[in-house]
Structures are given as C-alpha cells and as structure tokens.
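Asks: So that you can map any letter, position 149 of the sequence shown is 149 in UniProt numbering, and since no number is skipped, the others follow by simple counting.
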Amino acid sequence: VKVVEVESLMRGRLGADGIRCLASSFAIIMIFLLHTGTTSAFLQPRLPLNLQRAGAVCKTSEVKGQFAPLYHPLLQRSSRLSSRHVDRLEMKSMSVEAIETRASMLQDLIAKKDINIYVRDAKGLDGTFVAQLRCMAFDLDGAMFRSQRRKLKCCPHYFLAGIYHTTFLVAVARAVTERGQLFCKNMMLDDLNDLLRRDWITSVDHDMLKAACLDSWSRNPELVVGSVDCSLHESIDTNLLIRHWIYISSMAVREEFRRRGCGQLLLEGCEGIARRNYGVGEIYLHVEEENDGALKMYEQSGFTSADMCNPTINRMDRLLRLVLRVPKAATLYSRRIFKETLEEDVELEYAEAFLP
Numbered sequence: 001v002k003v004v005e006v007e008s009l010m011r012g013r014l015g016a017d018g019i020r021c022l023a024s025s026f027a028i029i030m031i032f033l034l035h036t037g038t039t040s041a042f043l044q045p046r047l048p049l050n051l052q053r054a055g056a057v058c059k060t061s062e063v064k065g066q067f068a069p070l071y072h073p074l075l076q077r078s079s080r081l082s083s084r085h086v087d088r089l090e091m092k093s094m095s096v097e098a099i100e101t102r103a104s105m106l107q108d109l110i111a112k113k114d115i116n117i118y119v120r121d122a123k124g125l126d127g128t129f130v131a132q133l134r135c136m137a138f139d140l141d142g143a144m145f146r147s148q149r150r151k152l153k154c155c156p157h158y159f160l161a162g163i164y165h166t167t168f169l170v171a172v173a174r175a176v177t178e179r180g181q182l183f184c185k186n187m188m189l190d191d192l193n194d195l196l197r198r199d200w201i202t203s204v205d206h207d208m209l210k211a212a213c214l215d216s217w218s219r220n221p222e223l224v225v226g227s228v229d230c231s232l233h234e235s236i237d238t239n240l241l242i243r244h245w246i247y248i249s250s251m252a253v254r255e256e257f258r259r260r261g262c263g264q265l266l267l268e269g270c271e272g273i274a275r276r277n278y279g280v281g282e283i284y285l286h287v288e289e290e291n292d293g294a295l296k297m298y299e300q301s302g303f304t305s306a307d308m309c310n311p312t313i314n315r316m317d318r319l320l321r322l323v324l325r326v327p328k329a330a331t332l333y334s335r336r337i338f339k340e341t342l343e344e345d346v347e348l349e350y351a352e353a354f355l356p
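1) Using the Cα positions of residue 176 and residue 168, report the straight-line distance between them to the nearest angstrom.
2) So, for residue 81: in the same chain, excluding its five sequence neighbours on each side, which residues have a beta-carbon less than 7 Å away from its beta-carbon?
3) Please report the straight-line C-alpha distance between residue 116 and residue 266, rounded to a whole angstrom.
4) If we call anything under 9 Å between Cβ atoms a contact, is residue 234 one with residue 337?
5) Going straight from the alpha carbon of residue 26 to that of residue 322, what length do you get?
6) Helix, strand or coil: which one does DSSP assign to residue 290?
7) Does the Cβ-Cβ distance between residue 245 and residue 280 come in under 9 Å?
8) Which value, in whole angstroms, describes the spacing of the CA atoms of residue 274 and residue 305?
9) What is the DSSP secondary structure of residue 166, reduced to helix, strand or coil?
10) Count the other C-beta atoms from every protein chain shown that fall within 10 angstroms of the C-beta of residue 148, then say buried if there are 16 or more, exposed otherwise.
11) Go to residue 115, then tell me how far its beta strand (DSSP E) extends in each direction, as first and last residue.
12) Should residue 124 be labelled buried (16 or more other beta-carbon atoms within 10 Å of its own) or exposed?
13) Which word fits residue 327, buried or exposed, when buried means at least 16 other C-beta atoms lie within 10 angstroms of its C-beta?
14) Going by beta carbon distance, what residues of the same chain come within less than 7 Å of residue 198, once the five residues before and after it are set aside?
15) For residue 308, collect the residues of the same chain with a Cβ closer than 8 Å to its Cβ; drop the 5 residues on either side in sequence, then sort them by chain order.
16) Would you mind reading off the limits of the alpha helix (DSSP H) that contains residue 317?
17) Using CA atoms only, rank isn't needed, just tell me which of 205, 204, 252 and 247 is closest to residue 224.
18) Please tell me whether residue 152 and residue 131 are closer than 9 Å, where the distance is taken between their beta carbons.
19) Quick test of your reading: residue 109 and residue 180, contact by CB under 8 Å. State the CB separation rounded to the nearest angstrom.
20) The alpha helix (DSSP H) that contains residue 200, what's its start and end?
21) How long is the line joining the alpha carbons of residue 302 and residue 285, rounded to whole angstroms?
22) Between the Cα of residue 165 and those of 216, 248, 290 and 140, spot the shortest distance and give me the residue it belongs to.
23) Measuring CB to CB, does residue 184 end up less than 9 Å from residue 222?
24) Going straight from the alpha carbon of residue 140 to that of residue 134, what length do you get?
25) Excluding the 5 residues flanking residue 210 on each side, which residues of the same chain have their C-beta closer than 6 Å to its C-beta?
26) Please state whether DSSP places residue 187 in a helix, a strand or coil.
27) Per the DSSP calculation, residue 331 is bridged to which residue(s)?
28) Would you identify the three-state DSSP class for residue 236, choosing helix, strand or coil?
29) For the candidate residues 120, 290, 258 and 174, whose alpha-carbon lies nearest to that of residue 329?
In structure tokens:
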C-alpha cells in the first residue's frame, strides 16, 4: 500500500526509474526489519516502562487491559545471554568446590603412591587437553582454544631471522592403582564435558574425542596436568657468531596439581633438551614481576634477570615481544648452562656410543 501511495504522489516528479528506485529501497528496508525482528516491536502497543524494563514485548489480548507475552527474537537472545552468565557463575562456584575436593583427594593419592607424575613429549590426543589447560590457566576464550589445538600440530616453526624447532612437553599423572585410575579417568571425562558445556567443541567432536580418549586410556592411563613450550633457536649475534639458545613459554599447570613439583619437573625437562643439543648456552623465559609463585620457582631453579645492556640480548627480547605478544610487564630471565657440564654430558654420550 505504501509503495502505491509513493508511486501516485511522485509519478510526475521522479518518473518511472525514480519510483522503481524508491520502491526497491523501501522493500530492502522492510526485508531488513523483518529479518532482524524489529518490525514486531513497532507493531506492538507501548507498555509501561516497568514492563519494558522487565524485557517483555506483549500484544493486546481480547480482554481489555490484559497483556499476553510475545517473545521478541532480540529479547530471547538477551535472555539466553543472561542465563549463560548465570550458568558461568554457577559453573565457577561449582568448579571452586570441585577443585578443593579434588585437591584433598589428590594429596592422599600422591602420598600413597597411587599416582606418579613425570614429564614427556606431547603426543596423540594431548593437544586437546593442553589447549584446554592453557586457556583455563590464562583465562582465554574458545577461539584461542582452537588456535592452540592447531598450533600443536605445526612443528617446526620459522622465526624471523632464524629457524627454531619447538618441543611440546607435558607433565602427566600416571595412575598406578585402580583407585588412582578412577580419579584420573573422572577428571578426564569432566574436562571433555566442560569443553562441550563451553561450546568450544561440537557434540559430534565431543563424542569422537570421548571414544578416542577411552580407547587410549585402556592402554595408557595418563592425565595431562601441565605443559610447556621449549623452543630451540639459532641466530647470529652482533659478533657474527651463531648462537644456540632455548626459550621457554606457555608454561601452565593444572590448579589441583600446583605446588606439587610439576613446574620444577617441566623446567628439568627443558634443561634436558638444552643438554641434548650441543652448543646451547642459555635458557630464556619471560615472567611478570607480580607473579610471585612463578618468579620464586624460577629463581630457585637458577634463573636471574637477563642483562638488557647486552645488545644481542636486547635485540632478542624485542623480537620475542614482537612475535609472541609478551606482556609489557614481563621481564626477561635467563639461566646459564655451564660449559663444564655440557662437556661432561658430551663425553658421557660419546662413551656410551661405544658400549656393547
């Protein structure tokens, strides 16, 4: 009807082409409003302000003065968002209680040797649990979870001026007894359900992961409780000499397993990689000064603040911050791998090579 009215009023001024242009524009606007559901709000009677604030778009019923709710698509979305916010709060409070309960049970399991913790290279299905662990530790979202899963499949990487190879180390809790297996298996299944609850994976992906994890668990009952990236770098310093060094990043430990030596085991694993690669002289990492727990652990392991007056170290720090998005408040720490120790390791490996 409105198109006909516009056509009758503007026929003499705009002509046929102008009328078609106005009609098409009006049609596009109406389609957009109908698609977004905005027109239903315009067609409904105005409600009192208190009802509008309550989030109800209503229509008049047959009985005068009564209103029946008519749910608007936008309001449905806002209600879903608010319900998700409530679910997150409930999930967070429940997770705190679950962590406290698990921590007390875990202390008893470790004391009775039902669970052993050791470090190995990541493999198989570890990538999913490592990505989840890091996102939970660093408060990241689902997009970063999917990015981390892809990252664990891409090795080696290329790093600006040099080539580097990243080794993904994981700290795993291996269940020795039936009691320990039940505890770790329930934690693994809870992790998979949490991924689905957060919409980080689809239901199909969840079912496939669950089947694969249960199959792997029957052969090797292990639970990922910590992870770290250990990157071997090769670069040229200001004296045109080739330098080999290790950079540690993305260290994360599951909350129930913190302060139980997992971080120290991961650092020892990185040190082992440095010793197996002849020529590596230093290990570097970034840590925020406000992170007292991590800073204390690194200092106890022999790390000290790096010499930023050294032009080679200064340039390396700038490159790492540029590529890895290191926080501004983080400080570069280093640990020297002594030459005497390296020579002893090389001599030992050389001697073992000739043993029968």
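Ideal Cβ placement from N, Cα and C applies to all residues, glycine included.
Replies: Working from what's here:
1) Position 176 of the sequence shown, counting from 1, holds the residue named residue 176. Position 168 of the sequence shown, counting from 1, holds the residue named residue 168. Going from the Cα of residue 176 to the Cα of residue 168 covers about 24 Å.
2) By 1-based counting over the sequence shown, the position of residue 81 is 81. Any answer about residue 81 is weak, because its pLDDT of 40 lies below 50 and its placement is not dependable; what the coordinates show is given next. Excluding positions up to five away in sequence, the list is empty.
3) For this step, residue 116 is matched to residue 116 along the sequence shown. For this step, residue 266 is matched to residue 266 along the sequence shown. Roughly 14 Å separates the two Cα atoms.
4) Within the sequence shown, numbered from 1, the residue matching residue 234 stands at position 234. Within the sequence shown, numbered from 1, the residue matching residue 337 stands at position 337. No, Cβ-Cβ distance for residue 234 and residue 337 is not below 9 Å.
5) The residue you call residue 26 lines up with position 26 of the sequence shown. The residue you call residue 322 lines up with position 322 of the sequence shown. Between residue 26 and residue 322, the C-alpha separation is close to 50 Å.
6) Position 290 of the sequence shown, counting from 1, holds the residue named residue 290. Coil at residue 290, not helix or strand.
7) As a first step, residue 245 must be located in the sequence shown, where it is residue number 245. As a first step, residue 280 must be located in the sequence shown, where it is residue number 280. Against a cut-off of 9 Å, the Cβ pair of residue 280 and residue 245 comes out as a contact.
8) On the sequence shown, position 274 is the one that residue 274 refers to. On the sequence shown, position 305 is the one that residue 305 refers to. Whole-angstrom Cα-Cα distance: 19 Å.
9) One-based indexing of the sequence shown puts residue 166 at position 166. Reduced to three states, the DSSP call for residue 166 is strand.
10) Counting from one through the sequence shown, the residue named residue 148 turns up at place 148. With 16 or more other Cβ atoms within 10 Å, it is buried.
11) Looking up residue 115 in the sequence shown gives position 115. Where residue 115 is concerned, the enclosing beta strand (DSSP E) stretches over 115-121.
12) Here residue 124 is taken as the residue at index 124 of the sequence shown, counted from 1. Under this definition residue 124 is an exposed residue.
13) Your numbering for residue 327 matches position 327 in the sequence shown. Flag for residue 327 reads exposed.
14) By one-based count along the sequence shown, residue 198 stands at place 198. Counting only Cβ-Cβ distances below 7 Å, and skipping sequence neighbours, we find 142.
15) The sequence position of residue 308 within the sequence shown is 308, counting from 1. Answer for residue 308: 314, 317 and 332, listed in chain order.
16) For the purposes of this step, residue 317 is taken as residue 317 along the sequence shown, with counting starting at 1. Element bounds for residue 317: 311-324.
17) On the sequence shown, residue 224 is found 224 positions in, with the first residue counted as 1. The residue with the shortest Cα to Cα distance from residue 224 is 252.
18) As a first step, residue 152 must be located in the sequence shown, where it is residue number 152. As a first step, residue 131 must be located in the sequence shown, where it is residue number 131. Yes, they are a contact pair.
19) Position 109 of the sequence shown, counted from the start, is the residue given in the question as residue 109. Position 180 of the sequence shown, counted from the start, is the residue given in the question as residue 180. About 5 Å separates the two Cβ atoms, so the contact holds.
20) On the sequence shown, position 200 is the one that residue 200 refers to. Careful: residue 200 lies outside any alpha helix (DSSP H) and carries neither H nor E.
21) Locating residue 302 in the sequence shown gives position 302, counting from the first residue. Locating residue 285 in the sequence shown gives position 285, counting from the first residue. Their backbone Cα atoms lie some 12 Å apart in a straight line.
22) Sequence index remark: in the sequence shown, residue 165 carries index 165 (1-based). Ranking the options by Cα distance to residue 165, first place goes to 248.
23) Here residue 184 is taken as the residue at index 184 of the sequence shown, counted from 1. Here residue 222 is taken as the residue at index 222 of the sequence shown, counted from 1. Yes. Within cutoff.
24) Sequence index remark: in the sequence shown, residue 140 carries index 140 (1-based). Sequence index remark: in the sequence shown, residue 134 carries index 134 (1-based). Computed Cα separation, rounded: 8 Å.
25) Along the sequence shown, read from residue 1 onward, the residue named residue 210 stands at position 210. So the list reads 192, once near-sequence residues are dropped.
26) Stepping through the sequence shown from its first residue, residue 187 is reached at position 187. Note: residue 187 maps to helix in three-state DSSP.
27) Residue 331 sits at position 331 when you count from the first residue of the sequence shown. Looking at the DSSP assignment, residue 331 forms a beta bridge with 287.
28) Taking the first residue of the sequence shown as position 1, residue 236 is located at position 236. It is a strand residue.
29) The residue you call residue 329 lines up with position 329 of the sequence shown. Of 120, 290, 258 and 174, the residue nearest in Cα terms is 290.
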